[in-house]
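Novice: Handing you a structure now.
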Amino acid sequence: MRNCSVFLLLFATACSPFASAQPILIQRQDGSMHGFVLVKSSDGKIVGVGETVQVAERGRLRARLTLHFRDGSIDEESTVFSEDGVLRLITDRHVQKGPSFPTPLNMAIDVPASQVTWREPHARNAESKTEHMLLPDDLANGIMPVVMTNIPPKAAETKVSYLANDPKPRLVKLSIKPESQDNFTIGGEAFPATRYVIHIELGGLASLLAPLVGKQPPDLHDWIAGGEVPSVAKLRGALYLGGPIWTIQLASPMWESNRVPQL
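The structure is reproduced here in structure tokens:
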């Protein structure tokens with residue numbers, strides 16, 4: 267799963283060393299893959315289904331996560347990134363629209379061009395704006411699942427940059443720390459997973475004011491199944507500031523019939 271996703275925040279970082287940020291070292295190369303996810307509410311009800319696709323091509327990887335909600339809403343993020351020794355974001359496009367998202371999101375990031383384009387959600391004629399920004403080397407929009415699976419097992423804390431939309435794009439920091447060792451089961455057999463807590467550091471004056479005005483985003487939680495090839499098993503958090511807490515987890519297919527086909 268990729269995205270991370272992908273969360274809207276309210277405040278900017280007033281002063282932070284983003285320009286000197288270090289990219290994530292690649293522990294193993296990713297390849298092409300195709301999977302499915304479920305989106306569940308806090309009471310366990312299925313509110314959406316999703317599909318994740320990743321394709322390796324010409325030294326780059328192209329990924330897309332699409333979530334379809336029961337009310338017709340869509341959350342889709344398409345990303346291009348590279349893994350040449352370190353993880354680097356190249357482009358990212360994130361769209362959220364429909365009843366599940368009170369404030370629509372439409373933002374595109376072009377790292378080589380140092381350019382960010384977004385659409386003002388409440389502007390007349392849905393006006394698009396473009397701004398040149400100094401984007402850090404560890405920018406993690408759209409590639410958080412890859413970040414999570416490349417964190418060294420013994421790392422006490424990992425930090426990456428993230429471009430939030432509030433509604434104007436702002437850089438913040440994500441602090442990722444291991445929290446506990448949990449188990450999940452498949453067919454009655456238990457498997458271990460590391461639960462990480464992802465804390466959003468607003469930075470500067472915003473970090474001081476946010477708790478006072480109730481705008482500090484809640485922490486996110488990510489479960490990583492370990493082993494030779496780590497994978498994201500579950501993510502819990504809000505997909506936008508002030509939004510409900512949803513759980514996104516891997517899904518297994520259910521067949522219409524249990525009959526075994528005759529060969």
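One point on numbering: in the working numbering, the residue at position 23 of the sequence shown is 289, and numbering is uninterrupted.
For every residue, glycine included, the Cβ atom is placed at its ideal position computed from N, Cα and C.
Only a predicted model underlies this, so the values are computations on that prediction, with no experimental measurement involved.
Do you know how far the Cα of G454 is from the Cα of Q381?
Specialist: Their backbone Cα atoms lie some 49 Å apart in a straight line.
Novice: What does the Cβ neighbour count give for L327, buried or exposed, with the cut at 16 atoms within 10 Å?
Specialist: With 16 or more Cβ atoms within 10 Å of its Cβ, L327 is classed as buried.
Novice: For the region 362–376 and the region 346–353, state whether three or more C-beta atom pairs, one from each stretch, are separated by less than 8 Å.
Specialist: No, because fewer than three Cβ pairs between the region 362–376 and the region 346–353 fall closer than 8 Å, the two stretches do not touch.
Novice: Using the Cβ count rule (16 or more neighbours within 10 Å means buried), how would you classify L468?
Specialist: Burial call: buried.
Novice: Note down the Cα distance separating D448 from H398, rounded to an integer number of angstroms.
Specialist: For D448 and H398, the distance between alpha carbons rounds to 43 Å.
Novice: Under a three-way DSSP split, which group does P444 fall into?
Specialist: The answer is strand: DSSP assigns P444 an E or B state.
Novice: Measuring straight from C-alpha to C-alpha, what distance separates G492 and K395?
Specialist: Their backbone Cα atoms lie some 42 Å apart in a straight line.
Novice: Would you report the Cα separation of H487 and H300, rounded to the nearest angstrom?
Specialist: Going by the C-alpha atoms only, they are around 23 Å apart.
Novice: Please tell me whether A517 and F335 are closer than 8 Å, where the distance is taken between their beta carbons.
Specialist: No; because the gap between Cβ atoms is not below 8 Å, this pair is not in contact.
Novice: Is DSSP giving V303 helix, strand or coil here?
Specialist: Of the three classes helix, strand and coil, the one that applies to V303 here is strand, per DSSP.
Novice: According to the neighbour-count rule (16 or more other Cβ atoms, all chains shown, within 10 Å of its Cβ), is A379 buried or exposed?
Specialist: By the neighbour-count rule (16 or more Cβ atoms within 10 Å), A379 is not buried but exposed.
Novice: Hey, could you find the ends of the alpha helix (DSSP H) M520 is sitting in?
Specialist: From DSSP, M520 is part of no alpha helix (DSSP H); its letter is neither H nor E.
Novice: Return the first residue and the last residue of the alpha helix (DSSP H) that T415 is part of.
Specialist: Looking at the DSSP string, the run of the alpha helix (DSSP H) that includes T415 is M410 to T415.
Novice: Would you say P370 reaches chain D, if we count a Cβ-Cβ gap shorter than 8 Å as a contact?
Specialist: Absent from the structure is chain D; it holds one protein chain and no more.
Novice: Is it buried or exposed for W384, if we count other Cβ within 10 angstroms and need 16 for buried?
Specialist: Flag for W384 reads buried.
Novice: With a threshold of 7 Å on Cβ separation, who are the neighbours of Q295 within its own chain once the five nearest residues in sequence on each side are excluded?
Specialist: Correct list, in chain order: E349.
Novice: Here's the rule: buried if 16 or more other CB atoms are within 10 angstroms of the residue's CB, otherwise exposed. What is R324?
Specialist: It is exposed - the Cβ of R324 has fewer than 16 other Cβ atoms within 10 Å.
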